[in-house]
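Participant: Chains as they are written, first to last, in my numbering: chain H, 1 to 220; chain S, 221 to 702. Pasting a structure here, questions to come.
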Amino acid sequence: MGTLAFDVAHLFAGGLVLISFMLLYQDRMTGLINIFALHAVVLSLSVAWQAYVQHSPHLFLTAAIAIIFKATIIPLSLQRIMVRLRIHRDIEVVGGVGVTMLLGICLVALSLVVILPATAAADPLAREDVAFALSVVLLGLLMMVTRRNAISQVIGFMSLENGLILAATGAKGMPLVVEISVAFSVLIAFIVIGIFLFRIRERFDTVDVQELDRVRGGGR
Amino acid sequence: MNGFAVQPVDALLIIPALSALILAFLSGYRLTSRINLISSGAVFLFAVALLFSRPAADNYLFVDDLNVVFVVLSTFIGFTTSAYSASYIGHEIEVGKLKPTHVRFYHAMYQSMMFAMNLALLANNIGLMWVAIEFATLTTVLMVGIYRTPEALEAAWKYFILGSVGIALALFGTILVYMSAEPVLGEGYDAMVWTSLMRHAAAFSPRLLNVAFVFLMLGYGTKVGLVPMHAWLPDAHAEGPTPISAVLSGLLLNVALYAVLRFKMLLAANAAAIAPGPLMIALGLASLIFAGFMLYRRDDIKRLFAYSSIEHMGIITFAFGMGGPLANFAGLLHMTMHSLTKSAIFFAVGHIAQVKGTQKIANIRGLTESHPVLGWGLVAGVMAIAGLPPFGVFMSEFLVVSSTFARQPLLAIPLAFGLLVAFGALLLRVIGLAFGEPSDSFGEVEASIVPLFLHLALVLLMGIWLEPHIAVWFQNVAGMLG
């Protein structure tokens, strides 16, 4: 049981990091959304596995939120928003794919260097999980920085958030994980599906953040 | 509600939550703004009641000397701002900048924000505190974007993105703190509850705590508005409704700072962990000096005072980073003074922008002549915030500088330099705004000047005579902060 539990958890967490890399270089909107859905599915599997291994049934709720909300509802609504906004064009990546990937690799190395020595005393499963989780968080941040399009920034943020859920479920017996994932879902639901993109669409006819920069008031 | 049948702690959460629910369904601005006012007033009264009756800590909520200071201060400013907001929003509806449906939304969000902030301050649980601060961010994002102009949407978007990233980093730090506590306290709630964390902090893994603190400092520091994570703050202050600028500066920044302070105490209780002070001192000084220079280049009056908030949060963070009884005392006092003064300034600025029809500094001149009450109110507020005697900010800044001189004379040089830079900028601006040939005005506004002068009077009073009970109280808290 011990090594199997470890290996499977490892597989899912590593898969999440890999999919984060796929998000980084994906330059088509539809592809981006599909890969994000995959990200959420893997997260949900990983959380479900932790729920099973740690015997904490409430984590299944978090897994369910991930698969229903993040892997289904959010991607579908994003697709609809995209159709309404007519943005099936490619999205621009600042700095180019190669540089971004290299930066991503550096970030993963950084998170290993930071987390592994600091958690020497902790449970090995938890510490690897947290190191992977930090990589996912940092890759999400990188994606938010390199993308200019509002939808891809939101996807970057959601992948970042998936990393946090991975860390929270990896920390053994952490309470309030379900509440935290609900709070995050509320945050995302409010912003993503709802008001913001529609309002931005209303006012700008585009969701490109650079457009937002263009209209900003002077003097800052 | 008869006195203490309801525990004040619960009332602090139930009243705003219920009001938010009720206000979400009521229309009619006069009625809703009155409910908003009454509810905020009741919350303030219950907060004062906390000074006398304190419930025992449980897994979710607790009250101690530190958070009582924050709760009383925030609920007081929440109350006065709701009074101010009534006249401000009334005018916005009259001129058609806000639709009645938006007002319903606005009031519901205002109460939700009060709920979230009280919850964050009273939470005895690092996870609950995080959820509350996240919720407070969400409500303020929605309020900042309420005018739906391109600028307001951009400000809200920027605030949302940066705020969420900050919040996400803070959650990662929170998880790491749990992981460091879990081997000692076992799985479950104990390892997330402040009271038990503080008792056992000495046994936690110091390296994990160190990493955690960096994330927490950057995460919650974003919400404090520290340089270089401050980019959201000026926009959010400038483009949202002015009552929201007042509560952002007066409350929300403090709530985030409270979170940082709690974690600082946790690290201080672990001898092997890094001292959190230097990081806070560096971020504080950077904020102070950067914002001091940025003050010279502002052409928008609300942005000007937003940068002044960054500057003062820098001073406060610096003071707490220095640590020790005197610097902590100075930091607490400065935080109180800044909250009161800055919200007073925003009260004046909001009405000024309404009568002048603009926020551009270049188009606002001669206020003391055209609108003597608002004009002199602004002058008094700027005098106070710039740190001139006899106002309270002078005293607290003086304490910060003198305690720094006593312990780290070298650090006192950049500190004093930053203070002088900011002082010059504010004085330069206020002369242009307040004196000279008055610029054109657009209509009159039924200004509510009571909150403005109430705050200024308090700042003046505390500058001249610090009530002994408050002084003793702050000294105790300063001792707690270590």
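C-beta atoms are modelled at their ideal positions from N, C-alpha and C, and glycine is treated no differently.
Tell me which residues share the same chain as L405 (chain S) and place their Cβ nearer than 8 Å to its Cβ, disregarding the 5 neighbours each side in the sequence.
Facilitator: What you label residue 405 (chain S) is simply residue 185 of the second sequence in a count that begins at 1. For L405 (chain S), where only same-chain residues beyond five positions count, the Cβ hits under 8 Å are A411, S416, L417 and H420.
Participant: Start and end of the alpha helix (DSSP H) containing L672 (chain S)?
Facilitator: Residue 672 (chain S) sits at position 452 when you count from the first residue of the second sequence. Counting along the chain, the alpha helix (DSSP H) containing L672 (chain S) begins and ends at V670 to I684.
Participant: Got a sec: is the Cβ-Cβ distance from V351 (chain S) to anything in chain H below 9 Å?
Facilitator: Mapped onto the second sequence, residue 351 (chain S) falls at position 131. For V351 (chain S), the answer is yes, since a Cβ of chain H falls inside 9 Å of its Cβ.
Participant: Would V575 (chain S) and S661 (chain S) be called neighbours here (beta carbons separated by less than 9 Å)?
Facilitator: Position 355 of the second sequence holds residue 575 (chain S). Position 441 of the second sequence holds residue 661 (chain S). Going by C-beta atoms, V575 (chain S) is nearer than 9 Å to S661 (chain S).
Participant: Name the chain S residues whose beta carbon is nearer than 7 Å to that of K172 (chain H)?
Facilitator: Working through the first sequence from its first residue, we reach residue 172 (chain H) at position 172. Per Cβ cutoff of 7 Å: E402 and E407.
Participant: Return the chain-ordered ranges of every alpha helix (DSSP H) run that is complete within the stretch 347-429 of chain S and spans a minimum of 4 residues.
Facilitator: 370-405 and 414-420, all fully within the stretch 347-429 of chain S.
Participant: Report all residues from its chain with a CB closer than 7 Å to the CB of T62 (chain H); omit the five preceding and five following residues, and keep chain order.
Facilitator: Against the first sequence, residue 62 (chain H) aligns to sequence position 62. The residues are V47, I165, T169, V177, V178 and S181.
Participant: Tell me whether the beta-carbon of A120 (chain H) lies closer than 9 Å to the beta-carbon of A171 (chain H).
Facilitator: As a position in the first sequence, residue 120 (chain H) is number 120, starting the count at 1. As a position in the first sequence, residue 171 (chain H) is number 171, starting the count at 1. It is not a contact, given that the beta carbons lie outside the stated cut-off.
Participant: In its own chain, which residues sit with a C-beta less than 8 Å from the C-beta of S135 (chain H), not counting the 5 before and 5 after it?
Facilitator: For this step, residue 135 (chain H) is matched to residue 135 along the first sequence. Answer for S135 (chain H): V17, S20, L107, V108, S111, L112 and G163, listed in chain order.
Participant: Using a Cβ cut-off of 9 Å (strictly closer), state whether F36 (chain H) contacts chain S.
Facilitator: As a working note, residue 36 (chain H) is residue 36 in the first sequence. Not one chain S Cβ lies under 9 Å of F36 (chain H).
Participant: Short of 9 Å Cβ to Cβ, which residues in the stretch 114-144 of chain H face chain S?
Facilitator: Against chain S - using a Cβ distance shorter than 9 Å - the residues of the stretch 114-144 of chain H are V114, I115, P117, A118, T119, A120, A121, A122, D123, A126, R127, V130, A133, L134, V137, G140, L141 and M144.
Participant: Short check: CB of W414 (chain S) to CB of F282 (chain S), under 9 Å?
Facilitator: As a working mapping, residue 414 (chain S) is identified with position 194 in the second sequence. As a working mapping, residue 282 (chain S) is identified with position 62 in the second sequence. Yes; because the gap between Cβ atoms is below 9 Å, this pair is in contact.
Participant: Give the residues from the stretch 469-480 of chain S that approach chain H closer than 8 Å (Cβ to any Cβ), ordered along the chain.
Facilitator: If the cut-off is 8 Å between Cβ atoms, the stretch 469-480 of chain S has nothing near chain H.
Participant: What does the alpha-carbon distance come out to for the pair T578 (chain S) and G534 (chain S)?
Facilitator: Within the second sequence, residue 578 (chain S) is the residue found at index 358, counting from 1. Within the second sequence, residue 534 (chain S) is the residue found at index 314, counting from 1. T578 (chain S) and G534 (chain S): Cα-Cα distance of roughly 29 Å.
Participant: Using a Cβ-Cβ cutoff of less than 8 Å, which residues in the same chain neighbour M363 (chain S) once the five nearest sequence positions on both sides are dropped?
Facilitator: Counted from its first residue, the second sequence places residue 363 (chain S) at position 143. If we look at M363 (chain S) and ignore the five residues flanking it on each side, its Cβ neighbours are Y326, M329, Y330, M333, G460, P461 and I464.
Participant: Just reading off the alpha helix (DSSP H) that G597 (chain S) is part of, what are its end residues?
Facilitator: Your numbering for residue 597 (chain S) matches position 377 in the second sequence. P592 to A606 is the span of the alpha helix (DSSP H), which, as asked, contains G597 (chain S).
Participant: So, is P448 (chain S) buried or exposed, given that buried needs 16 or more other C-beta atoms within 10 angstroms?
Facilitator: As a position in the second sequence, residue 448 (chain S) is number 228, starting the count at 1. P448 (chain S) comes out exposed.
Participant: Please indicate yes or no: does the CB of V569 (chain S) lie closer than 8 Å to some heavy atom of the ligand SAM?
Facilitator: This structure does not include the ligand SAM; it has no bound ligands of any sort.
Participant: Output, in chain order, the set of chain H residues within a Cβ distance shorter than 9 Å of Y516 (chain S).
Facilitator: As a working note, residue 516 (chain S) is residue 296 in the second sequence. Going along chain H, no residue has its Cβ under 9 Å from Y516 (chain S), so there is no contact; the nearest lies around 11 Å.
Participant: Taking H398 (chain S) as the query, report the chain H residues whose CB atoms sit under 7 Å from its CB, ordered along the chain.
Facilitator: For the purposes of this step, residue 398 (chain S) is identified with residue 178 of the second sequence, where counting begins at 1. According to the sequence as given, residue 398 (chain S) is Tyr; it is not His. The contacting residues are A171 and M174.
Participant: On a CA-only basis, which of H:L85, H:L11 and H:L142 is nearest L102 (chain H)? Give me that one, please.
Facilitator: In the first sequence, the residue the question calls residue 102 (chain H) occupies position 102. It is H:L142 whose Cα lies nearest to the Cα of L102 (chain H).
Participant: Of all the CB atoms in chain S, is at least one closer than 9 Å to the CB of I180 (chain H)?
Facilitator: Against the first sequence, residue 180 (chain H) aligns to sequence position 180. Yes - at least one Cβ of chain S is within 9 Å of the one on I180 (chain H).
Participant: Could you have a look at L125 (chain H) and say whether DSSP puts it in helix, strand or coil?
Facilitator: Within the first sequence, the letter at position 125 stands for residue 125 (chain H). In this structure, L125 (chain H) counts as helix in the three-state DSSP scheme.
Participant: With a threshold of 16 other CB atoms inside 10 Å of the CB of T252 (chain S), please say whether the residue is buried or exposed.
Facilitator: As a first step, residue 252 (chain S) is located in the second sequence; it is residue number 32 there, counting from the start. Classification of T252 (chain S): buried, given that the 10 Å Cβ count is 16 or more.
Participant: Tell me, please, whether the CB atom of N345 (chain S) is closer than 9 Å to any CB atom in chain H?
Facilitator: The residue you call residue 345 (chain S) lines up with position 125 of the second sequence. Yes - at least one Cβ of chain H is within 9 Å of the one on N345 (chain S).
Participant: List the residues of chain H whose Cβ lies closer than 8 Å to the Cβ of M533 (chain S), in chain order.
Facilitator: Counted from its first residue, the second sequence places residue 533 (chain S) at position 313. Those do not exist, as M533 (chain S) stays about 18 Å from chain H at its closest Cβ, beyond 8 Å.
Participant: Out of S:I309, S:S273 and S:V268, which has the shortest C-alpha to C-alpha gap to V289 (chain S)?
Facilitator: Here residue 289 (chain S) corresponds to residue number 69 of the second sequence, with the count starting at 1. Among S:I309, S:S273 and S:V268, the Cα nearest to that of V289 (chain S) is on S:V268.
Participant: Can you tell me whether DSSP reads D520 (chain S) as helix, strand or coil?
Facilitator: As a position in the second sequence, residue 520 (chain S) is number 300, starting the count at 1. Note: D520 (chain S) maps to strand in three-state DSSP.
Participant: Exposed or buried, which one is W49 (chain H) when buried takes at least 16 other CB atoms within 10 Å?
Facilitator: What you label residue 49 (chain H) is simply residue 49 of the first sequence in a count that begins at 1. So W49 (chain H) counts as buried.
Participant: Report the rounded CA-to-CA distance for V263 (chain S) versus R517 (chain S), giving the unit in angstroms.
Facilitator: Taking the second sequence and counting its residues from 1, one reaches residue 263 (chain S) at position 43. Taking the second sequence and counting its residues from 1, one reaches residue 517 (chain S) at position 297. Going from the Cα of V263 (chain S) to the Cα of R517 (chain S) covers about 40 Å.
Participant: For chain S, find out if any of its Cβ atoms is closer than 9 Å to the Cβ of A9 (chain H); answer yes or no.
Facilitator: If you number the first sequence from 1, residue 9 (chain H) lands on position 9. Not an interface residue.
Participant: R427 (chain S) versus chain H: which residues are under 9 Å apart at the beta carbon?
Facilitator: Along the second sequence, read from residue 1 onward, the residue named residue 427 (chain S) stands at position 207. Within 9 Å Cβ-Cβ: P117, A118, T119, A120 and A121.
Participant: Only counting the same chain, and skipping five residues up and downstream in sequence, which positions put a Cβ closer than 8 Å to that of P57 (chain H)?
Facilitator: Walking along the first sequence from the start, residue 57 (chain H) turns up at place 57. Closer than 8 Å at Cβ, skipping near neighbours: A51.
Participant: Examine chain S for any beta-carbon lying closer than 9 Å to the beta-carbon of I195 (chain H), and answer yes or no.
Facilitator: Within the first sequence, numbered from 1, the residue matching residue 195 (chain H) stands at position 195. Because the pLDDT at I195 (chain H) is just 47, under 50, the model does not fix this residue reliably, and the value given afterwards should be weighed accordingly. Taking Cβ atoms only, chain S reaches closer than 9 Å to I195 (chain H), which makes this a yes.
Participant: In the DSSP assignment, find the unbroken alpha helix (DSSP H) run with L63 (chain H) in it and report its ends.
Facilitator: Numbered from its first residue, the first sequence carries residue 63 (chain H) at position 63. Contrary to the premise, residue 63 (chain H) reads as Ala rather than Leu in this sequence. Run containing A63 (chain H): H58 to I65, per the alpha helix (DSSP H) assignment.
Participant: With H, G and I counted as helix, E and B as strand and the rest as coil, what does DSSP make of L281 (chain S)?
Facilitator: Position 61 of the second sequence, counted from the first residue, corresponds to residue 281 (chain S). In this structure, L281 (chain S) counts as strand in the three-state DSSP scheme.
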